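Under our numbering, the first residue of the sequence shown is numbered 6, with each subsequent residue one higher.
What follows is a single structure, written as structure tokens, with notes after it.
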Amino acid sequence: MKYDYLVVGSGLFGAVFAHEMKKRGKKCLVIDKRKHIGGNIYCEDVDGIRVHKYGAHIFHTSNRQVWEYINQFAEFNNYVNSPIAKYRDELYNLPFNMNTFSKMWGISTPKEAQEIIAAQIANLGILEPQNLEEQALSLVGTDVYQKLIKGYTEKQWGRDCKELPAFIIKRLPLRFVYDNNYFNDRYQGIPVGGYTRIIEKMLEGIEVRLGVTYRAFAEENGEVAERVVYTGMIDEYYDYKLGVLEYRSVRFETERLEMENYQGNAVVNYTEREVPYTRVIEHKHFEFGRQPFTIISREYSSEWHQGDEPYYPVNNDKNNELFEKYRRLAEQENSVIFGGRLGNYKYYDMDKVIEAALQLVDSL
Ligand code: UDP
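See the structure below:
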């Protein structure tokens, strides 16, 4: 065999894996069906503004090892994510915190906010939240749910909040202090020089072939490696033979505007159902850009169909059960390992992807 590992997909999982294996003296070949490396963390430089082509990525973690790991490849700026939520003509701070509550109810103390939420929850009779709606209601009450969660969530996921798992909303902090930091994590920032540069550095000295699908590659070359690390969709790998897993796809409408500052923030969420997009990203604000022009992307969420780019696994019971069947099938494989958001069908953040890749390397 020419290679120890054929890594399918040059996103964060594949790049960390290949980098670590190279350090251990293994020979890897990385292939990617796209014409560029980096998977969905790829950014495109447009006259000095790095455009997050596949959606905004903000690095955050509480794992010091992961933070030190990623800092080998880039220095991080001090960007702190503090999205604004726009509901009709009302603006609120996110995540749900004292700024949000004081704007919503005209109150100023945590006690007042907690009393209002408690009163709103009292009659709902939710003991143990069974889905996203119950989870959200029991955390923040009806007003915040109606204005800031329901419409946004149903747009993003294309499903009723009662049909979505509770864990999705638990990603968002809820706090009774005046703190607009979207994340609770100890470390956070955007890499100076961009995400693509990180992947380039990880892949230094490793053979990479772009614009090649796994299927076409395998047909043409046969088996070239002892093992395959597959970071694409696990159900696609198996030709959907046990059924099709559901994903959400995202479409971006990107526009260059001849003004310095369009919305005054990197992320503005449009939380009412009637606006068709979920959020507008103004890319320069991730890096405190001062260019005389700006670039924005409106983000539209849609159900994934074969041929679309998959972004989010829909981790409800039905899909998790189907994934479990694929996982059991995968367990039988001697020479193929699945990884990353698509291979593991998991709503991973970047830090968790790195953790998982490092764990896999250790276990091998
Ligand atoms: N969410 C919401 N309102 C918002 C922002 C987020 O209800 O203004 C909910 C929504 O259900 C979403 C989840 O929180 O799916 C997670 O949001 P996050 O910003 O973490 O999603 P990502 O950045 O991964 O798309």
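Ideal Cβ placement from N, Cα and C applies to all residues, glycine included.
Please read all numbers here as calculations on a predicted model, not as lab measurements.
Is it buried or exposed for residue i, if we count other Cβ within 10 angstroms and need 16 for buried?
| i | result |
| --- | --- |
| His310 | exposed |
| Gln140 | buried |
| Gly30 | exposed |
| Arg346 | buried |
| Gln193 | buried |
| Met264 | exposed |
| Tyr245 | exposed |
| Arg284 | buried |
| Asp94 | exposed |
| Leu250 | buried |
| Thr66 | buried |
| Gly348 | buried |
| Gly216 | exposed |
| Leu96 | exposed |
Measuring only the C-alpha atoms, how far is residue i from residue j?
| i | j | result |
| --- | --- | --- |
| Asp367 | Ala361 | 10 Å |
| Asp354 | Asn45 | 12 Å |
| Lys28 | Ala79 | 18 Å |
| Asp313 | Asn136 | 28 Å |
| Tyr331 | Tyr10 | 22 Å |
| Ala118 | Ser143 | 14 Å |
| Leu369 | His24 | 14 Å |
| Met6 | Arg164 | 47 Å |
| Gly182 | Trp110 | Checking the displayed sequence, the identity of residue 182 turns out to be Val instead of Gly. If you take the alpha carbons of Val182 and Trp110, they lie about 15 Å apart. |
| Phe106 | Ile126 | 15 Å |
| Glu336 | Lys323 | 20 Å |
| Lys108 | Glu277 | 17 Å |
| Ser391 | Pro170 | Here the chain has residues from 6 to 369 only, and residue 391 is not among them. |
| Phe131 | Ile89 | According to the sequence as given, residue 131 is Ile; it is not Phe. Each residue's Cα considered, the two are about 29 Å apart. |
| Gly199 | Lys116 | 42 Å |
| Leu363 | Asn321 | 27 Å |
| Leu247 | Glu338 | 16 Å |
| Glu73 | Phe64 | 13 Å |
| Pro100 | Glu209 | 38 Å |
| Met26 | Tyr243 | 26 Å |
| Glu77 | Leu17 | In the sequence as presented, Glu is not what sits at residue 77; that position holds Gln. If you take the alpha carbons of Gln77 and Leu17, they lie about 14 Å apart. |
Starting from residue i, follow its DSSP beta bridges and name the residues at the other end.
| i | result |
| --- | --- |
| Val51 | Ile54 |
| Val366 | According to DSSP, Val366 bridges with nothing at all. |
| Lys91 | Leu96 and Tyr275 |
| Ile342 | Val234 |
| His62 | His62 is not bridged to any residue. |
| Ser254 | Ser307 |
| Val13 | Ile36 and Tyr235 |
| Ile174 | None; Ile174 has no bridge partner. |
| Tyr84 | Paired residues: none, contrary to the question. |
| Leu262 | Thr299 |
| Phe101 | Leu179 |
| Arg284 | Asn274 and Glu304 |
| Arg159 | Here the sequence assigns Glu to residue 159, which means Arg is not the residue at that position. Bridge partners of Glu159: none, in fact. |
So, using beta-carbon positions, are residue i and residue j closer together than 9 Å?
| i | j | result |
| --- | --- | --- |
| Glu287 | Asn266 | yes |
| Pro315 | Phe328 | no |
| Gly43 | Ile195 | no |
| Ile122 | Val145 | yes |
| Asn102 | Leu153 | no |
| Asn226 | Asn86 | no |
| Gly14 | Thr299 | no |
| Ala223 | Tyr8 | no |
| Asp52 | Gln296 | yes |
| Ile239 | Phe343 | yes |
Chain C beta carbons: is any one of them nearer than 9 Å to that of residue i?
| i | result |
| --- | --- |
| Asn104 | This model lacks chain C altogether; it includes just one protein chain. |
Out of the options, which has the shortest C-alpha to C-alpha gap to residue i?
| i | options | result |
| --- | --- | --- |
| Glu279 | Asp37, Tyr157, Gly43 and Phe106 | Tyr157 |
| Val358 | Glu49, Ile75 and Val35 | Ile75 |
| Ser302 | Glu292, Tyr252, Ile195 and Glu260 | Glu260 |
| Lys40 | Met207, Phe298, Thr201 and Glu338 | Thr201 |
| Lys32 | Ala335, Lys246, Lys289 and Arg232 | Arg232 |
| Lys58 | Glu49, Thr66, His65 and Phe64 | Glu49 |
| Ile54 | Glu308, Gly344, Glu338 and Phe293 | Phe293 |
| Ser340 | Val272, Arg284, Arg69 and Glu228 | Glu228 |
| Ser254 | Glu308, Leu262, Tyr243 and Leu129 | Glu308 |
| Val71 | Asp356, Leu365 and Thr299 | Asp356 |
| Lys160 | Leu34, Leu132, Tyr47 and Tyr282 | Tyr282 |
| Gly60 | Val272, Pro297 and Leu365 | Val272 |
| Gln151 | Met207, Asn321, Asn189 and Lys91 | Lys91 |
| Ala124 | Leu99, Gly348, Thr147 and His65 | Thr147 |
| Tyr47 | Met26, Asn68, Ala20 and Glu73 | Ala20 |
| Val149 | Asn98, Trp162 and Val234 | Asn98 |
| Val197 | Phe291, Asn325 and Tyr350 | Phe291 |
| Phe188 | Arg333, Tyr84, Val12 and Glu138 | Tyr84 |
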